[in-house]
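Read through the structure below, which is laid out as C-alpha cells, and then see the notes.
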C-alpha cells in the first residue's frame, strides 16, 4: 500500500503545497499567496485550511515544511526567515501538529531542495550527493547514505560561504571572497553593469530596455545565447568560480552526484562548460569522473517535493 | 567480555603493530623495520610472523592495516604506495586472510589516522569529525555518525587538494593553489629559505647548523618558540591558510570536532592562533563556536590504533 506525504514550500511570494507518493510523484498540488504582513498565526491558519481541503489530506500521515532562514530542525522553530520579517521564533512544528494531529517536520529551503533533487533529478539513485542552490544566495545540502546530513548545529551545506578568494569581494555574511559573491545573482548583475561601462552589449541593453536595473540572470542567459560577448564573459567568469568550488567539494567529499538548481543554474551549458574545465584540472580524476553533475530540471518543484519527503530522508 | 583488535601501520621506515581493546586502549605493541626493497610476499610473511608471536594474537578476530597510497578498500588491494615502490596491485587483504584466517581490512593512512584520532583524541565522543593530517602531504579523513565516510570512489577527505588560491603555487597533483602547497612541510621549508635571503634568522641558522638543507618544520617550530621573527612569520602565514581551509570545512560540513595531527601540527599554538583568527572571521558563528579544534596528542599512535579499529568504524 502506497504512503502519502504532504509538503509545503514557504516562499517569499507564494506558498506551494503538494501531496506526493512514496516515489515522490506529485499527486495533488495547491498554492496560496504569501502574506508577509500577516501575523504568523494567521498564515499558519490559512496554510492548514488549504491543506485540509486537499483530496489526499485524510490519507497523509506527515507534513514537511521548507522555509528560508534560520530554522531549528530539532525543535521545529522558525528562528528567523528573510522572506517573512514578522516571523521570529515561531514554533511552526508544534502549531501545525496541534491543529492537524499529524507528524510535522520543518527545515530550511536548501535542505528541502536537496531532498527534492535527490528524488526528482536523481530518482533516489544516489548514496552521497550535494545539491547547490544558485540564486540570489548560494546554498546547498548534503546527502550521506541517502539521508540528509545536517551537521553538528544544523548549518551543514553553507556552500555559498566557502572562501574562493582570500581577499576577495565583501560578502553580506561579513567574510571576504565567499563563493556567493562571485556566482550569486546580485554579483552577476553588478558585474554586467560594471563591464558595460567599457564594453558594448547590444543584447543586454535591448533585453533590459536600456535600463540597468532591469538586468537579471535570465537576461544575461538570453543575451549569451544570442552570442553577446559581454554576457558570455560573465558566465565564463562565474563558471570558473563555480568550477573551483565544485572541485573543492569533489576532493573533500567525493560525492556520486552534484545537482545544481535555482535561477542561475538555468544558464545551463553556458555556465557548466566553464565549471567543467576547472573541475577537470583541479579535482582528482577518479573522483571527478565518477561524479555526475546535473542541472536540475525541477527547480520550481524541488522545495515542495523535498519538504514532503523530509520524513523519509 | 572485551574484544581485541589488531592494527598494523605500514610506514616507510617502520611497521607498527598493536593490539587494542574495544575502547582502543593499547594492550600490546610491536614493530619491525620496513624493508622497502623486499618483495611484497616477504614483507607480508614477516608481518604475519610478528603478529603471531603476540600474546593476544589468539584472542584477536580481526586485523586492520593502514598504508599510504592508493588503496582499494573494498577489494583490499594496495594499488600503489609511495612508501613501498615494489608494491603494485598487491591483494594484501586476501594474502593476510589466507595465512591468519582472520578478517582483514585495509585502508589508506589518512583514514586510519582519522579513526585513531576519533578514539584517542576524542575518546569516541564525537558524531561528525574531520581529521587533518599535516605532514609532507596534507590529507584528511571524515567521520559521519561515528563511521568513516569514504565517498563514492574512496577518495573522500583529500583536504590538502582543496584550492586556496585559484592561481597559486603549483602542486604535485597538477593543480594550482592546493592547500598542501601552503601548509605542507616542503613548502614551509622552502618558504624559510626564501625569507632568509632577505631576513636575518639567527635561530633557524643555528638550529640547522647553517645548512638550509637541514631545515625542518620542527626547527621552524623551535625557532619560533625562541622568538625568531622569520620563523614566526612562516607559522603566521601557514596558520592563516590553514584557517581559511578549516573555515571552509566548517561552513560546508559543520563538524563537532576537527583534529589536527602530523608533524606540522606539533607547532601547536604558534600555528593555531593564526588559524583561529581566520575561522572566527570566515566561518558561521554557531558552527565555529560548536566545533572543537584539537591538536592530536597521539600523532605517532593514530595510525596503528586507527588500523585496529577499522573494523569498528
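Residue numbers (this note's numbering), protein chains in the order written: chain A, 857 to 1169; chain B, 857 to 1169. Yeah, the Cβ is synthetic: ideal placement off N, Cα and C, and Gly gets one too.
For residue j and residue i, believed in contact at Cβ under 8 Å, the rounded distance
{"i": "residue 801 of chain A", "j": "residue 1114 of chain A", "result": "Examination of residue 801 of chain A is not possible in this model, given that chain A is present from 857 through 1169 alone."}
{"i": "residue 963 of chain A", "j": "residue 936 of chain A", "result": "Actually they do not touch by this definition, with Cβ atoms about 14 Å apart."}
{"i": "residue 1088 of chain A", "j": "residue 1080 of chain A", "result": "5 Å"}
{"i": "residue 969 of chain B", "j": "residue 1013 of chain B", "result": "Wrong, their Cβ atoms sit about 10 Å apart, outside the cutoff."}
{"i": "residue 1103 of chain A", "j": "residue 1139 of chain A", "result": "4 Å"}
{"i": "residue 1137 of chain A", "j": "residue 1031 of chain B", "result": "7 Å"}
Three-way DSSP call (helix, strand, coil) for residue i in this model
{"i": "residue 921 of chain A", "result": "strand"}
{"i": "residue 1005 of chain A", "result": "strand"}
{"i": "residue 1119 of chain A", "result": "helix"}
{"i": "residue 1104 of chain A", "result": "helix"}
{"i": "residue 914 of chain B", "result": "helix"}
{"i": "residue 1014 of chain A", "result": "coil"}
{"i": "residue 1072 of chain A", "result": "coil"}
{"i": "residue 1085 of chain A", "result": "helix"}
{"i": "residue 885 of chain A", "result": "strand"}
{"i": "residue 1132 of chain A", "result": "helix"}
{"i": "residue 1142 of chain A", "result": "helix"}
{"i": "residue 940 of chain A", "result": "coil"}
{"i": "residue 989 of chain A", "result": "strand"}
{"i": "residue 892 of chain B", "result": "coil"}
{"i": "residue 980 of chain B", "result": "coil"}
{"i": "residue 1137 of chain A", "result": "helix"}
{"i": "residue 1020 of chain B", "result": "coil"}
{"i": "residue 957 of chain B", "result": "coil"}
{"i": "residue 1168 of chain A", "result": "coil"}
{"i": "residue 950 of chain A", "result": "helix"}
{"i": "residue 1097 of chain A", "result": "helix"}
Cβ-based neighbour list, residue i, same chain, cut-off 7 Å, excluding 5 preceding and 5 following
{"i": "residue 1041 of chain A", "result": "991, 992, 1073, 1119 and 1120"}
{"i": "residue 1000 of chain B", "result": "984"}
{"i": "residue 973 of chain A", "result": "987, 1115, 1117, 1152 and 1158"}
{"i": "residue 1147 of chain A", "result": "1106, 1111, 1112, 1113 and 1114"}
{"i": "residue 916 of chain A", "result": "860, 861, 862, 875 and 958"}
{"i": "residue 901 of chain A", "result": "none"}
Other residues of its chain near residue i: CB distance less than 6 Å, five sequence neighbours each side excluded
{"i": "residue 947 of chain A", "result": "933"}
{"i": "residue 960 of chain B", "result": "919, 949, 952 and 953"}
{"i": "residue 1064 of chain A", "result": "1070, 1071 and 1075"}
{"i": "residue 1035 of chain A", "result": "994, 1016, 1018, 1020 and 1101"}
CB contact flag (residue i, residue j, <7 Å)
{"i": "residue 977 of chain B", "j": "residue 1152 of chain B", "result": "yes"}
{"i": "residue 1179 of chain B", "j": "residue 1161 of chain B", "result": "With chain B running from 857 to 1169 in the structure shown, residue 1179 of chain B is simply not present."}
{"i": "residue 1085 of chain B", "j": "residue 1039 of chain B", "result": "no"}
{"i": "residue 1033 of chain B", "j": "residue 1051 of chain B", "result": "no"}
{"i": "residue 881 of chain B", "j": "residue 1017 of chain A", "result": "no"}
{"i": "residue 1112 of chain B", "j": "residue 905 of chain B", "result": "no"}
{"i": "residue 1142 of chain A", "j": "residue 1037 of chain B", "result": "no"}
{"i": "residue 1169 of chain A", "j": "residue 971 of chain A", "result": "yes"}
{"i": "residue 886 of chain B", "j": "residue 873 of chain B", "result": "yes"}
{"i": "residue 921 of chain B", "j": "residue 998 of chain B", "result": "no"}
{"i": "residue 1110 of chain A", "j": "residue 989 of chain B", "result": "no"}
{"i": "residue 1068 of chain A", "j": "residue 1082 of chain A", "result": "no"}
Enclosing alpha helix (DSSP H) for residue i [first to last residue]
{"i": "residue 1165 of chain B", "result": "1155-1165"}
{"i": "residue 994 of chain B", "result": "No alpha helix (DSSP H) contains residue 994 of chain B, which is instead part of the beta strand (DSSP E) from 994-1000."}
{"i": "residue 972 of chain A", "result": "965-976"}
{"i": "residue 908 of chain B", "result": "896-908"}
{"i": "residue 1051 of chain B", "result": "1041-1051"}
{"i": "residue 862 of chain B", "result": "No alpha helix (DSSP H) holds residue 862 of chain B; the beta strand (DSSP E) holding it covers 860-866."}
{"i": "residue 1170 of chain B", "result": "Because chain B in this structure spans residues 857 to 1169, residue 1170 of chain B falls outside the shown range and cannot be described."}
{"i": "residue 1054 of chain A", "result": "Taken as a continuous stretch (DSSP letters only), residue 1054 of chain A belongs to no alpha helix (DSSP H), as it is neither H nor E."}
8 Å Cβ shell around residue i - same chain, five flanking residues per side excluded
{"i": "residue 1247 of chain A", "result": "Nothing can be reported for residue 1247 of chain A, as the shown portion of chain A is limited to 857 through 1169."}
{"i": "residue 942 of chain B", "result": "892, 893, 894, 895 and 896"}
{"i": "residue 1090 of chain B", "result": "1044, 1047, 1048, 1051, 1076 and 1080"}
{"i": "residue 1096 of chain B", "result": "1130, 1131, 1133 and 1134"}
{"i": "residue 912 of chain B", "result": "860, 862, 875, 883 and 884"}
{"i": "residue 1092 of chain B", "result": "1130"}
{"i": "residue 1027 of chain B", "result": "1017, 1033, 1034, 1036 and 1037"}
{"i": "residue 1126 of chain A", "result": "1077, 1080, 1081, 1088, 1091 and 1095"}
{"i": "residue 981 of chain A", "result": "none"}
{"i": "residue 1025 of chain A", "result": "1032, 1033, 1034, 1037, 1038 and 1043"}
Residue i, enclosing beta strand (DSSP E) - first and last residue
{"i": "residue 871 of chain A", "result": "870-877"}
{"i": "residue 1148 of chain A", "result": "1148-1151"}
{"i": "residue 928 of chain A", "result": "926-928"}
The ligand FMN heavy atom lying under 6 Å from the CB of residue i
{"i": "residue 1082 of chain B", "result": "The ligand FMN is not part of the structure shown, which contains no ligands of any sort."}
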